[in-house]
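Enquirer: Encoded as structure tokens, here's the structure I'll be asking about.
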Amino acid sequence: MALKLPIFMDNHSTTPVDPRVLEAMIPYFTTEFGNAASRTHVFGWKAEEAVEQARSHVAALIGASAKEIVFTSGATESDNLAIKGAAWFHKARGNHLITLETEHKAVLDSMKRLEKEGYQVSYLPVEKDGRVDLARLEAAITDKTLLVSIMLANNEIGTVQDVHAIGELIKKKNKLTLFHCDAVQGVGKVPFDVEAARTDLVSVTAHKMYGPKGVGALYVRRKPRVRIDPIIDGGGHERGMRSGTLNVPGIVGFGMAAKIAKEEMSHEGTRLLALRERLRKMIQARLPETYVNGSVDHRLPGNLNISFGYVEGESLLMALKEVAVSSGSACTSASLEPSYVLRACGIGEEMAHSSIRFGLGRFNTEEEVDYVAGVIVEKVERLRALSPLWEMFQEGVDLKSINWQANAH
Amino acid sequence: MAYSEKVIDHYENPRNVGSLDKNDPSVGTGLVGAPACGDVMKLQLRIDERGVIQDAKFKTFGCGSAIASSSLVTEWVKGMTVDQAMEVKNTKIAEELNLPPVKIHCSVLAEDAIKAAIADYKAKKAAR
Numbered sequence: 393m394a395l396k397l398p399i400f401m402d403n404h405s406t407t408p409v410d411p412r413v414l415e416a417m418i419p420y421f422t423t424e425f426g427n428a429a430s431r432t433h434v435f436g437w438k439a440e441e442a443v444e445q446a447r448s449h450v451a452a453l454i455g456a457s458a459k460e461i462v463f464t465s466g467a468t469e470s471d472n473l474a475i476k477g478a479a480w481f482h483k484a485r486g487n488h489l490i491t492l493e494t495e496h497k498a499v500l501d502s503m504k505r506l507e508k509e510g511y512q513v514s515y516l517p518v519e520k521d522g523r524v525d526l527a528r529l530e531a532a533i534t535d536k537t538l539l540v541s542i543m544l545a546n547n548e549i550g551t552v553q554d555v556h557a558i559g560e561l562i563k564k565k566n567k568l569t570l571f572h573c574d575a576v577q578g579v580g581k582v583p584f585d586v587e588a589a590r591t592d593l594v595s596v597t598a599h600k601m602y603g604p605k606g607v608g609a610l611y612v613r614r615k616p617r618v619r620i621d622p623i624i625d626g627g628g629h630e631r632g633m634r635s636g637t638l639n640v641p642g643i644v645g646f647g648m649a650a651k652i653a654k655e656e657m658s659h660e661g662t663r664l665l666a667l668r669e670r671l672r673k674m675i676q677a678r679l680p681e682t683y684v685n686g687s688v689d690h691r692l693p694g695n696l697n698i699s700f701g702y703v704e705g706e707s708l709l710m711a712l713k714e715v716a717v718s719s720g721s722a723c724t725s726a727s728l729e730p731s732y733v734l735r736a737c738g739i740g741e742e743m744a745h746s747s748i749r750f751g752l753g754r755f756n757t758e759e760e761v762d763y764v765a766g767v768i769v770e771k772v773e774r775l776r777a778l779s780p781l782w783e784m785f786q787e788g789v790d791l792k793s794i795n796w797q798a799n800a801h
Numbered sequence: 006m007a008y009s010e011k012v013i014d015h016y017e018n019p020r021n022v023g024s025l026d027k028n029d030p031s032v033g034t035g036l037v038g039a040p041a042c043g044d045v046m047k048l049q050l051r052i053d054e055r056g057v058i059q060d061a062k063f064k065t066f067g068c069g070s071a072i073a074s075s076s077l078v079t080e081w082v083k084g085m086t087v088d089q090a091m092e093v094k095n096t097k098i099a100e101e102l103n104l105p106p107v108k109i110h111c112s113v114l115a116e117d118a119i120k121a122a123i124a125d126y127k128a129k130k131a132a133r
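Protein sequences, first through last, are from chains A and B. Every number in my numbering is 392 more than the matching position in the first sequence, counting from 1. Every number in my numbering is 5 more than the matching position in the second sequence, counting from 1.
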């Protein structure tokens, strides 16, 4: 099969909609367009039936029951609803929340908002591999801790947290403390079960698992019942937790995406792991001074985050114009700060600037991996020939011995 | 981010990449920026007895705009006198390359590299 360019290898940012998902969605835009809340006619009934079937599929993927699934507009909303909703509802019981420095901005910024309202938030550091130290977590939980928010898998470095141990530890230390898990990157990629992890609230989204954008869900435990305040008020949809007319086609697509993910996860995980290792080995066999960021053992199968020493990430992205990947380099962000996730893992700023994230997905092929590895090697070598730091490294100069004048910013 | 055509041209076909002998008394070397900031430029100028820049070489670790800024100044300063080169302003570089505001620091660094190379040359000359 001929290679089609450009190649999409940024599946942590989003994924294409699986054709089977799109096919399931189409009727719900045109013929079955009813409002799922309409109780007086067949259009509404059919829409409701489709939503309930999708709800069952999403629930089954994470080991929940359908009644525990609240549909939202996406994971950012789910994270906001879980964190603010729980903090507001339970404020009589305490004012403390815990999260990690490496969480997604939707979690971190929800926490910051709560801090402005007077809540106390502990942002725990992580180990070099991106995992939280359980003793540190245990020490942070007090009788005032309302909620702990820890992600299943990190969006940049792919590190998978030991959510089973985390859930058990939280409940052992304070059984009233809620466990929220942003499972966006991990669900459908690695096994996850709300009972095994003892989670109370779980955020998921469709577009990271070959479903459409603009639809997500929050799992809200029913036994024992977890109470949260809504953040959007209105018609009382989704048992009052999320008002607003349901995005029926999106939800149907989410359901189909979840069903496929459940059926194919094991096979797909094996295939992606093999592709990722092929990519890593081809790069590292041919390029010295490359470093894998994150955990070797506890990692999403499709994730590879590598720092290419002495090469700046954005210039490498520019060279990879036929390959869609992303970088932890400052230059790709508005803030000019390199990735806070890599920094939290103790990776030096210069190595953070040199990082590239590859996200392999369902539709990537071995031919694509071989092509990308070849282009990476060629371009890194070209940029190193242009790099004063590479030249100094080759001459044996210790870059740390130089008194750099950081006058640019 | 979309790059200007001139940035892409300099990035894909950088002019005057390389190194001059830093121990040569007629060569001034400027090394500016910092790895932690994501930009390091090394600019070397060979300056004759009349104070005219005969050759310029660069190596840059940085984004496409940083590479383009340094490539551009090597073209500009060749044939200039030291005094003329001291007058090269970052605003001119940014204008020539159509740099967006977030990339202005790349042009500042290129200006600094020229000044650092000339300062090194003058220090060497004074030491002789």
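Note that beta-carbon positions come from the ideal geometry of N, C-alpha and C, so glycine has one too. Just so it is clear, the structure is predicted and the values come from calculations on it, not from any experiment.
#1: Below 8 Å on C-beta distance, what does H556(A) contact in chain B?
#2: Three-state secondary structure (DSSP) at Y126(B)?
#3: Return no unless some Cβ of chain A is closer than 7 Å to the Cβ of K127(B).
#4: If we define contact as Cβ-Cβ less than 7 Å, is P398(A) a contact residue for chain B?
#5: For R619(A), which of helix, strand or coil comes out of DSSP?
#6: In chain B, which residues lie with their C-beta within 9 Å of the C-beta of Q797(A)?
#7: Over what stretch of residues does the alpha helix (DSSP H) that includes N756(A) continue unbroken?
#8: Within the 7 Å Cβ cut-off, does G67(B) reach chain A?
#9: If you draw a straight line from the C-alpha of A131(B) to the C-alpha of I399(A), how long is it?
#10: Going along the chain, which residues of its own chain have a beta-carbon closer than 7 Å to the beta-carbon of A653(A), five neighbours each way excluded?
#11: Since V45(B) and G67(B) should fall inside the 8 Å C-beta cutoff, what is the C-beta to C-beta distance between them, to a whole number of angstroms?
#12: Does any heavy atom of the ligand MN sit closer than 6 Å to the C-beta of N546(A)?
#13: To be precise: take each residue of the region 49 to 80 of chain B, compare its Cβ to all Cβ atoms of chain A, and keep it if any distance is under 7 Å. Which residues remain?
#14: What residue ranges within the region 50 to 92 of chain B form continuous alpha helix (DSSP H) runs of no fewer than 4 residues, ordered along the chain?
#15: Please go through the same chain and pick out, in chain order, the residues whose beta-carbon is closer than 6 Å to the beta-carbon of Y763(A), but skip the five residues on each side of it.
#16: For the region 13 to 24 of chain B, enumerate the residues whose C-beta is nearer than 7 Å to any C-beta of chain D, in chain order.
#17: For A479(A) versus L500(A), is the C-beta distance shorter than 7 Å?
#18: At 3 residues or longer, what runs of the beta strand (DSSP E) sit wholly inside the region 525 to 606 of chain A?
#19: Tell me whether N695(A) sits in a helix, a strand or coil according to DSSP, three-state version.
#20: Can you confirm whether the region 49 to 65 of chain B touches the region 76 to 86 of chain B when touching is taken to mean that 3 or more C-beta pairs between the two stretches lie within less than 8 Å?
#21: Using 8 Å as the Cβ pair cut-off and three pairs as the minimum, do the region 606 to 619 of chain A and the region 576 to 596 of chain A touch?
#22: From L752(A) to L679(A), what does the alpha carbon distance come to, in whole angstroms?
#23: Can you find a CB in chain B that lies within less than 7 Å of the CB of H801(A)?
#24: I'd like to check one pair, P693(A) with L665(A): are the Cβ atoms closer than 7 Å?
#25: Is V45(B) close to chain A? Criterion is C-beta to C-beta, closer than 7 Å.
#26: Under 9 Å between beta-carbons, which chain B residues line up against S721(A)? List them in chain order, please.
#27: Which same chain residues, not among the five before or five after K651(A), have their C-beta less than 7 Å away from its C-beta?
#28: For T86(B), which residues of its own chain have a beta-carbon under 7 Å away from its beta-carbon, when the five flanking residues on both sides are left out?
#29: Can you find the residues in the same chain that come closer than 6 Å, C-beta to C-beta, to H482(A), ignoring five residues on each side of it along the sequence?
#30: Tell me the DSSP secondary structure of I490(A) in three-state form.
#31: I'd like to know if M503(A) contacts chain B, where contact means its C-beta is closer than 7 Å to some C-beta of that chain.
#32: Once the 5 residues before and after D621(A) are set aside, which same chain residues still bring their CB inside 6 Å of it?
#33: Secondary structure at F463(A), three-state DSSP: helix, strand or coil?
#34: Tell me whether Y732(A) sits in a helix, a strand or coil according to DSSP, three-state version.
#35: Please classify F646(A) as buried or exposed, where buried requires at least 16 neighbouring CB atoms within 10 angstroms.
Expert: With the structure as the only source:
#1: The sequence position of residue 556(A) within the first sequence is 164, counting from 1. Here the premise fails: no neighbours, minimum Cβ distance about 38 Å.
#2: The residue labelled residue 126(B) in the question sits at position 121 within the second sequence. Looking at Y126(B) - three-state DSSP - the assignment turns out to be helix.
#3: As a working mapping, residue 127(B) is identified with position 122 in the second sequence. For K127(B), the answer is no, since every Cβ of chain A falls outside 7 Å of its Cβ.
#4: Mapped onto the first sequence, residue 398(A) falls at position 6. Answer no: the Cβ-Cβ gap between P398(A) and chain B never drops below 7 Å.
#5: For this step, residue 619(A) is matched to residue 227 along the first sequence. In the structure shown, R619(A) sits in coil (DSSP, three-state: anything other than H, G, I, E or B).
#6: The count along the first sequence starts at 1 and reaches residue 797(A) at position 405. Neighbours of Q797(A) on chain B, chain order: L36, V37, G38, A39, D117, A121.
#7: For the purposes of this step, residue 756(A) is taken as residue 364 along the first sequence, with counting starting at 1. Note, N756(A): premise wrong, no alpha helix (DSSP H); not H, not E.
#8: The residue given as residue 67(B) occupies position 62 in the second sequence. Cβ-Cβ to chain A under 7 Å: yes for G67(B).
#9: Sequence index remark: in the second sequence, residue 131(B) carries index 126 (1-based). Sequence index remark: in the first sequence, residue 399(A) carries index 7 (1-based). Cα to Cα, A131(B) sits roughly 56 Å from I399(A).
#10: Numbered from its first residue, the first sequence carries residue 653(A) at position 261. Taken in chain order, the residues that qualify are L453, G580, M601.
#11: To locate residue 45(B), count along the second sequence from 1; it is residue 40. To locate residue 67(B), count along the second sequence from 1; it is residue 62. With 8 Å as the limit, V45(B) and G67(B) qualify as a contact, their Cβ atoms being about 7 Å apart.
#12: This structure simply doesn't include the ligand MN, nor any ligand for that matter.
#13: K64, T65, F66, G67, C68, G69, I72
#14: 69 to 82, 87 to 91
#15: The sequence position of residue 763(A) within the first sequence is 371, counting from 1. Around Y763(A): L395.
#16: Absence of chain D from the displayed structure is noted, the protein chains being A and B.
#17: As a first step, residue 479(A) must be located in the first sequence, where it is residue number 87. As a first step, residue 500(A) must be located in the first sequence, where it is residue number 108. Not closer than 7 Å, so no.
#18: 537 to 541, 570 to 574, 593 to 597
#19: Along the first sequence, read from residue 1 onward, the residue named residue 695(A) stands at position 303. In the structure shown, N695(A) sits in a strand (DSSP, three-state: E or B).
#20: yes
#21: yes
#22: For this step, residue 752(A) is matched to residue 360 along the first sequence. For this step, residue 679(A) is matched to residue 287 along the first sequence. Spanning the two alpha carbons is a distance of roughly 20 Å.
#23: Sequence index remark: in the first sequence, residue 801(A) carries index 409 (1-based). Low per-residue confidence applies at H801(A): pLDDT is 45, beneath 50, and the placement is therefore not dependable enough to give any value.
#24: As a first step, residue 665(A) must be located in the first sequence, where it is residue number 273. As a first step, residue 693(A) must be located in the first sequence, where it is residue number 301. Going by C-beta atoms, L665(A) is nearer than 7 Å to P693(A).
#25: For the purposes of this step, residue 45(B) is taken as the residue at position 40 of the second sequence. Yes, its Cβ sits closer than 7 Å to a Cβ of chain A.
#26: Taking the first sequence and counting its residues from 1, one reaches residue 721(A) at position 329. Those within 9 Å of S721(A) in chain B are G43, C68.
#27: Counted from its first residue, the first sequence places residue 651(A) at position 259. Once the five neighbours on either side are set aside, the close Cβ partners of K651(A) are H449.
#28: Reading the second sequence from its first residue, position 81 is the one you call residue 86(B). G56, V57.
#29: To locate residue 482(A), count along the first sequence from 1; it is residue 90. Closer than 6 Å at the Cβ level, and outside the excluded window around H482(A), lie L538.
#30: Here residue 490(A) is taken as the residue at index 98 of the first sequence, counted from 1. Of the three classes helix, strand and coil, the one that applies to I490(A) here is strand, per DSSP.
#31: The residue you call residue 503(A) lines up with position 111 of the first sequence. Output row for M503(A): interface = no.
#32: Against the first sequence, residue 621(A) aligns to sequence position 229. Same-chain partners within the cutoff: G477, W480, F481.
#33: Walking along the first sequence from the start, residue 463(A) turns up at place 71. Strand.
#34: Counting from one through the first sequence, the residue named residue 732(A) turns up at place 340. Looking at Y732(A) - three-state DSSP - the assignment turns out to be helix.
#35: What you label residue 646(A) is simply residue 254 of the first sequence in a count that begins at 1. Classification for F646(A): buried.
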